[in-house]
Structures are given as C-alpha cells and as structure tokens.
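Residue numbers (the working numbering): -17 to 60.
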C-alpha cells in the first residue's frame, strides 16, 4: 500500500491523530503487510520534491511526522 502523507498531515494535531488512527485501522482491516510512505510533500501533485517529512540537510522539512510514526503509533495500534 502506498500512503501519501500529504493526505494524512494536518496542522491541527488532533485532526492529524484522527487521520492516522483511521489510516492504521484501514491498513489493519485490509490486512496489508507492506506500507510505502511517500516521504516528501507534494501538495501541487506535480511530482517535484519541495519539502520532506523528516529532518535532513538538503531540503526544507514541512513537518517532522515520520520520526513520530513508528514510536508513537505503529507499535501501540498495530
């Protein structure tokens, strides 16, 4: 399953938590065993990487959400 984090991210942290909860439940319901996260933000949908979802030295970071996902969500909910 390919997950575009542009559709998961929300500036409102409570809404983003709800989005993540719904997404994780969908993955569980569909019995998906492999998930590919799109680690760059592409709000224009043009395929050009302008920002990323993790700290790095090359591109601007839109938000640091990838670091929190494995530790905070996956083990607790999957």
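C-beta: ideal position from N, C-alpha, C; glycine also.
Please read all numbers here as calculations on a predicted model, not as lab measurements.
Residue j beta carbon less than 8 angstroms from that of residue i
i	j	result
residue 34	residue 23	yes
residue 18	residue 43	no
residue 6	residue -10	no
Exposed unless 16 or more other CB atoms sit within 10 angstroms - verdict on residue i
i	result
residue -13	buried
residue 47	buried
residue 14	exposed
N-terminal and C-terminal residue of the beta strand (DSSP E) that residue i is part of
i	result
residue 5	Here residue 5 belongs to no beta strand (DSSP E); instead the alpha helix (DSSP H) covers -5 to 11.
residue -14	-16 to -14
residue 18	18 to 20
Option in the options with minimal Cα separation from residue i
i	options	result
residue 36	20, 29, -6, -4	20
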